[in-house]
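Engineer: The structure that follows is given in the form of structure tokens.
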Amino acid sequence: MEGGRRKLPRSGYPRRRAITACSTCRERKKKCDNTRPACSFCQQIGAQCDYSSRDSSSYDAASLTILNQLSVIESIVRRIPVGPSPETPGPPAAPLSHQSATGDTGSRSSDLDANYRVGTDDVLEWPVFEETLSSLPRHSYTHFYRANAYTYLDDAFHLPEASNSQSLQRILAAKPVALSISTERSDIERLVSRFFQNVHVKNPILDRRSVLKCCQEYYEHGALFNLETGLVLIICALGAVATGFDPSSNGHQEPSVESANLESLRLGRCYFAAAEKRLGVALVQPSTLAVQCLCLAGIYQIYTTNPMSALRLFHAAGSSLQLLIATNTNPLTALYNWALVYVGPASSQKASGQIWTQIAGIFFLSEIALRRLTDKVAEVVVSHIDCSLPSSQQIAMKELVPVVAELERQVHTWRENLPHQLQFPDVPQAADTEWKHYSRSRYYRVLELMFRPFIFTAIHVPECEPAVRYLAGKGLDSASKYLRHCATAHRHQGLWLNLRNQLREACLLLGSAIAGLEMPPDWYTGIERTLHSFQFWEKEYPPCQSYIRVIHMLISHLDARAEGGLAQLDNMHSGSEI
Numbered sequence: 001m002e003g004g005r006r007k008l009p010r011s012g013y014p015r016r017r018a019i020t021a022c023s024t025c026r027e028r029k030k031k032c033d034n035t036r037p038a039c040s041f042c043q044q045i046g047a048q049c050d051y052s053s054r055d056s057s058s059y060d061a062a063s064l065t066i067l068n069q070l071s072v073i074e075s076i077v078r079r080i081p082v083g084p085s086p087e088t089p090g091p092p093a094a095p096l097s098h099q100s101a102t103g104d105t106g107s108r109s110s111d112l113d114a115n116y117r118v119g120t121d122d123v124l125e126w127p128v129f130e131e132t133l134s135s136l137p138r139h140s141y142t143h144f145y146r147a148n149a150y151t152y153l154d155d156a157f158h159l160p161e162a163s164n165s166q167s168l169q170r171i172l173a174a175k176p177v178a179l180s181i182s183t184e185r186s187d188i189e190r191l192v193s194r195f196f197q198n199v200h201v202k203n204p205i206l207d208r209r210s211v212l213k214c215c216q217e218y219y220e221h222g223a224l225f226n227l228e229t230g231l232v233l234i235i236c237a238l239g240a241v242a243t244g245f246d247p248s249s250n251g252h253q254e255p256s257v258e259s260a261n262l263e264s265l266r267l268g269r270c271y272f273a274a275a276e277k278r279l280g281v282a283l284v285q286p287s288t289l290a291v292q293c294l295c296l297a298g299i300y301q302i303y304t305t306n307p308m309s310a311l312r313l314f315h316a317a318g319s320s321l322q323l324l325i326a327t328n329t330n331p332l333t334a335l336y337n338w339a340l341v342y343v344g345p346a347s348s349q350k351a352s353g354q355i356w357t358q359i360a361g362i363f364f365l366s367e368i369a370l371r372r373l374t375d376k377v378a379e380v381v382v383s384h385i386d387c388s389l390p391s392s393q394q395i396a397m398k399e400l401v402p403v404v405a406e407l408e409r410q411v412h413t414w415r416e417n418l419p420h421q422l423q424f425p426d427v428p429q430a431a432d433t434e435w436k437h438y439s440r441s442r443y444y445r446v447l448e449l450m451f452r453p454f455i456f457t458a459i460h461v462p463e464c465e466p467a468v469r470y471l472a473g474k475g476l477d478s479a480s481k482y483l484r485h486c487a488t489a490h491r492h493q494g495l496w497l498n499l500r501n502q503l504r505e506a507c508l509l510l511g512s513a514i515a516g517l518e519m520p521p522d523w524y525t526g527i528e529r530t531l532h533s534f535q536f537w538e539k540e541y542p543p544c545q546s547y548i549r550v551i552h553m554l555i556s557h558l559d560a561r562a563e564g565g566l567a568q569l570d571n572m573h574s575g576s577e578i
């Protein structure tokens, strides 16, 4: 060691400093970041970035080997598509592991995609219904995930204003009454109170103090042409049409348009017609108030069984919100304050001044938890139901069993952990509160959904294993309980979706009966209740007539099959007597 300096050990092979700069940076003596295919400096000045002039002979053998391997890796990475290819089926993640049941199943967009592909129209395209419903009229439509999609249902093709049918809009227009919007404090306070009691608790997107401020301006200045007045009018419209939950609404009532509620519907329509004249500003000037008005207007359309108009308003609200977020210069927390005002129970507020109760807050959180579970289940289901019936269907079902068992455990755990205010009884006992009713509705639906792949296999693969038939039976039992649970005459913002859900569960039961599966007890009672529900709403919402046609066609096919079986049995007995 010389001069106290320790000699560093040399590498096992001689190394040379690699030249990393591109030709442009070397010529201009700039620091090159070696970004490929063009470095940052070349991109900034618009010059051609060239690394080809590099002399490979200046590298040692080890460096050349490393560079070659990096080139191979780069070529592999470049061949990987940015998004999933529709032509290339991905690996069935759910059956290979418990990831779908226990962990994050993917992005929110994939959850939405999965929910879109388990709807009523998708079920009606199962092979078991192809021949049975072939004589019914059907409409083709654009489906995001497959070509040649069609539907037997008239929802998207029904235009109330252009129809000769007796829809609610035409009935209200055909029987004008001397109704007008009021500016009296007592009238507005009554409707606003009903709104907060029946609507806001399920849609906490308003600050009560801000609403009362808008109402005060309405009392003082009348119905001005601004969004503040529009908000008050929409709230009054919803307060007029929304009703509280009545456990006795499962009985046999008169059709909805012939009931005593027609006067409330006329009043709601009067306020909403005035609000519509003020919604134009919400479409061109995005603001928090505009998003609130558009969203509540969509909720009103759902309450009055006009789902296509509601869809357009919800899309407008979503577009306005996206634009508002993109152009907002304030922190996002300030933007979302209106949506988070009542995210928890407001125990510190006086009961008379705050309708958001503790039970509503608990229900809101329980809905979020169950929705996350439903998204997981939907993603599993869409990967296991294939109308082409591949030869590996039986193997896929075996792999699916442990995944569904874990999902079922999670759903049962959700139910067991509900607070006593939300604990609901099983069918046939009635749910005595609205919160219990909605919780039980989602509970039965998610159970049926997770067993739907087994129902599909049991219907279309007669030689399937007994375990598949057993699990299919559990799904059919949940479908039957859901139909016997549904309230016929309760008007709420999920009414249209509830009617579609009833149709889907009824078709699953009837399709299974046609296929000869073992049916749960009292399943046909649910079919009868479903038909009565459609008949109750058909005058107000004429597309229910297409629902009834589908059910009647399946019932007639089932009856014909039963008569054919009896005739065959009689022939067998006659032959034995001879």
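Residue numbering for the sequence shown follows the UniProt record's numbering, starting at 1 and increasing by one per position.
Ideal Cβ placement from N, Cα and C applies to all residues, glycine included.
#1: So which of Arg445, Asn34, Val382, Phe225 has the shortest CA-CA distance to alanine 396?
#2: Is the beta carbon of alanine 472 sitting closer than 8 Å to the one on leucine 517?
#3: Compare the C-alpha of arginine 286 against each of Phe272, Gln322, Thr151, Pro307 and name the closest.
#4: For leucine 231 and cysteine 293, what's the separation of their Cα atoms in angstroms?
#5: State buried or exposed for histidine 200, treating a residue as buried only when at least 16 other CB atoms are found within 10 Å of its CB.
#6: Keeping to the same chain, check which residues put their C-beta closer than 6 Å to that of glutamate 505; ignore five residues upstream and five downstream.
#7: Rank Arg442, Gln410, Asp155, Thr183 by C-alpha distance to the C-alpha of glutamate 217 and give the top, closest one.
#8: Touch check for the stretch 261-269 and the stretch 220-227: three-plus C-beta pairs under 8 Å?
#9: Give me, in chain order, the residues of the same chain whose beta-carbon lies closer than 6 Å to that of leucine 153; leave out the 5 immediate sequence neighbours on both sides.
#10: For asparagine 203, which residues of its own chain have a beta-carbon under 8 Å away from its beta-carbon, when the five flanking residues on both sides are left out?
#11: Kindly give me the distance between the Cβ atoms of isoleucine 455 and leucine 508, rounded to whole angstroms, as I take these residues to be in contact under 8 Å.
#12: Distance, Cα to Cα, proline 307 vs leucine 497?
#13: Closest to glutamate 406 by CA distance: which of Phe424, Lys376, Ala310 is it?
#14: With DSSP run on the structure shown, which of helix, strand or coil describes proline 91?
#15: Among Pro543, Pro428, Leu503, Ser186, which one has its Cα closest to the Cα of proline 521?
#16: Tyrosine 150 by DSSP, collapsed to three states: which one?
#17: Starting from the Cα of residue 582, find the closest Cα among Leu447, Glu367, Lys29, Gly239 and give me that residue.
#18: Spatial neighbours of arginine 440 within its chain, please: C-beta separation below 7 Å, excluding the five flanking residues on both sides.
#19: Using DSSP with H/G/I as helix, E/B as strand and the rest coil, what is serine 182?
#20: What does DSSP give as the partner residues of serine 140 in its beta bridges?
#21: Pull up the distance between the alpha-carbon of arginine 190 and that of phenylalanine 196, whole angstroms please.
#22: Rounded C-beta distance between phenylalanine 245 and threonine 374? I'm assuming under 8 Å.
#23: In angstroms, rounded to a whole number, what distance separates the CA positions of aspartate 104 and valine 404?
#24: Looking only at its chain, what residues have a beta carbon closer than 8 Å to the beta carbon of cysteine 25, apart from the 5 residues adjacent to it on each side?
#25: Measure the C-alpha to C-alpha separation of alanine 316 and valine 291 and round it to an integer number of angstroms.
#26: Would you identify the three-state DSSP class for asparagine 498, choosing helix, strand or coil?
#27: Considering only C-alpha positions, which residue in the set Ala562, Glu27, Met553, His460 is nearest to serine 135?
#28: Do you know offhand how far isoleucine 359's Cα is from isoleucine 205's?
#29: Over what stretch of residues does the alpha helix (DSSP H) that includes glutamate 538 continue unbroken?
#30: Look at the alpha carbon of tryptophan 435 and the alpha carbon of arginine 36, and state the distance between them as a whole number of angstroms.
#31: What does the Cβ neighbour count give for aspartate 426, buried or exposed, with the cut at 16 atoms within 10 Å?
#32: Find out if the Cβ-Cβ distance for the pair leucine 370, tryptophan 414 is shorter than 8 Å.
#33: Looking at the structure shown, is threonine 433 part of a helix, part of a strand, or coil, going by DSSP?
#34: Exposed or buried, which one is proline 137 when buried takes at least 16 other CB atoms within 10 Å?
#35: When the Cα atoms are used, what is the spatial distance from arginine 452 to glycine 119?
#36: Check this for me: beta carbons of isoleucine 181 and leucine 133, under 8 Å apart or not?
Structural biologist: Straight from the coordinates:
#1: Taking the first residue of the sequence shown as 1, we reach residue 396 at position 396. Closest by alpha carbon: Val382.
#2: Counting from one through the sequence shown, the residue named residue 472 turns up at place 472. Counting from one through the sequence shown, the residue named residue 517 turns up at place 517. Taking 8 Å as the cut-off, the Cβ atoms of alanine 472 and leucine 517 count as close.
#3: As a working mapping, residue 286 is identified with position 286 in the sequence shown. One point to set straight first is that residue 286 is proline, not arginine, in the sequence displayed. Relative to the Cα of proline 286, the nearest Cα in the group Phe272, Gln322, Thr151, Pro307 belongs to Gln322.
#4: The sequence position of residue 231 within the sequence shown is 231, counting from 1. The sequence position of residue 293 within the sequence shown is 293, counting from 1. Those two C-alpha atoms are separated by around 6 Å.
#5: Here the question's residue 200 lines up with position 200 in the sequence shown. Around the beta carbon of histidine 200, 16 or more other beta carbons sit within 10 angstroms, so the residue counts as buried.
#6: Start at 1 with the first residue of the sequence shown, and residue 505 comes out as number 505. Excluding sequence positions up to five before and after glutamate 505, its CB lies within less than 6 Å of the CB of Ala479, Tyr482, Leu483, all in the same chain and listed in chain order.
#7: Position 217 of the sequence shown, counting from 1, holds the residue named residue 217. Of the candidates Arg442, Gln410, Asp155, Thr183, Thr183 places its Cα closest to the Cα of glutamate 217.
#8: Not touching, per the Cβ criterion.
#9: Translated into the one-based positions of the sequence shown, residue 153 becomes position 153. Around leucine 153: Ser546.
#10: Counting from 1 along the sequence shown, the entry for residue 203 is found at position 203. Closer than 8 Å at the Cβ level, and outside the excluded window around asparagine 203, lie Cys295, Leu296, Ile299, Gln493.
#11: Indexing the sequence shown from 1 puts residue 455 at position 455. Indexing the sequence shown from 1 puts residue 508 at position 508. Rounded, the Cβ-Cβ distance is 6 Å, consistent with contact.
#12: The count along the sequence shown starts at 1 and reaches residue 307 at position 307. The count along the sequence shown starts at 1 and reaches residue 497 at position 497. Those two C-alpha atoms are separated by around 9 Å.
#13: To locate residue 406, count along the sequence shown from 1; it is residue 406. Selected option, being the one with the closest Cα: Lys376.
#14: The count along the sequence shown starts at 1 and reaches residue 91 at position 91. Note that proline 91 scores a pLDDT of 37, beneath 50, so its modelled location is shaky; the value from the coordinates is reported in the next line. Three-state result, proline 91: coil.
#15: Position 521 of the sequence shown, counted from the first residue, corresponds to residue 521. Out of Pro543, Pro428, Leu503, Ser186, Pro428 has the C-alpha closest to the C-alpha of proline 521.
#16: Along the sequence shown, one-based indexing puts residue 150 at 150. Tyrosine 150: strand per DSSP, three-state reduction.
#17: A question about residue 582 goes unanswered here, because the residues of the chain that appear run from 1 up to 578.
#18: Looking up residue 440 in the sequence shown gives position 440. Same-chain partners within the cutoff: Phe424, Ala431, His485.
#19: Within the sequence shown, residue 182 is the residue found at index 182, counting from 1. Coil at serine 182, not helix or strand.
#20: As a first step, residue 140 must be located in the sequence shown, where it is residue number 140. Serine 140 is bridged by DSSP to Tyr150.
#21: Counting from one through the sequence shown, the residue named residue 190 turns up at place 190. Counting from one through the sequence shown, the residue named residue 196 turns up at place 196. As the crow flies, the alpha-carbon of arginine 190 is around 10 Å from that of phenylalanine 196.
#22: In the sequence shown, the residue the question calls residue 245 occupies position 245. In the sequence shown, the residue the question calls residue 374 occupies position 374. Between phenylalanine 245 and threonine 374 the beta-carbon gap is near 22 Å, outside 8 Å, which marks them as no contact.
#23: Locating residue 104 in the sequence shown gives position 104, counting from the first residue. Locating residue 404 in the sequence shown gives position 404, counting from the first residue. Low per-residue confidence applies at aspartate 104: pLDDT is 48, beneath 50, and the placement is therefore not dependable enough to give any value.
#24: On the sequence shown, position 25 is the one that residue 25 refers to. Counting only Cβ-Cβ distances below 8 Å, and skipping sequence neighbours, we find Lys31, Cys32, Cys39, Phe41, Cys42.
#25: For the purposes of this step, residue 316 is taken as the residue at position 316 of the sequence shown. For the purposes of this step, residue 291 is taken as the residue at position 291 of the sequence shown. In this structure, the straight-line span from the alpha carbon of alanine 316 to that of valine 291 is close to 8 Å.
#26: Along the sequence shown, one-based indexing puts residue 498 at 498. Asparagine 498 carries a helical assignment under DSSP once its states are collapsed to helix, strand and coil.
#27: In the sequence shown, the residue the question calls residue 135 occupies position 135. Checked all of Ala562, Glu27, Met553, His460; the closest Cα to serine 135 is Met553.
#28: Walking along the sequence shown from the start, residue 359 turns up at place 359. Walking along the sequence shown from the start, residue 205 turns up at place 205. For isoleucine 359 and isoleucine 205, the gap between their C-alpha atoms comes out near 17 Å.
#29: For the purposes of this step, residue 538 is taken as the residue at position 538 of the sequence shown. Run containing glutamate 538: none; DSSP gives neither H nor E here.
#30: Working through the sequence shown from its first residue, we reach residue 435 at position 435. Working through the sequence shown from its first residue, we reach residue 36 at position 36. Between tryptophan 435 and arginine 36, the C-alpha separation is close to 58 Å.
#31: Translated into positions along the sequence shown, residue 426 becomes position 426. Classification for aspartate 426: exposed.
#32: For the purposes of this step, residue 370 is taken as the residue at position 370 of the sequence shown. For the purposes of this step, residue 414 is taken as the residue at position 414 of the sequence shown. Between leucine 370 and tryptophan 414, the gap from beta carbon to beta carbon is short of 8 Å.
#33: The residue labelled residue 433 in the question sits at position 433 within the sequence shown. Three-state result, threonine 433: coil.
#34: Indexing the sequence shown from 1 puts residue 137 at position 137. It is exposed - the Cβ of proline 137 has fewer than 16 other Cβ atoms within 10 Å.
#35: For the purposes of this step, residue 452 is identified with residue 452 of the sequence shown, where counting begins at 1. For the purposes of this step, residue 119 is identified with residue 119 of the sequence shown, where counting begins at 1. Roughly 12 Å between the two C-alpha positions.
#36: Residue mapping note: residue 181 aligns to position 181 of the sequence shown, counting from 1. Residue mapping note: residue 133 aligns to position 133 of the sequence shown, counting from 1. Contact flag unset, no.
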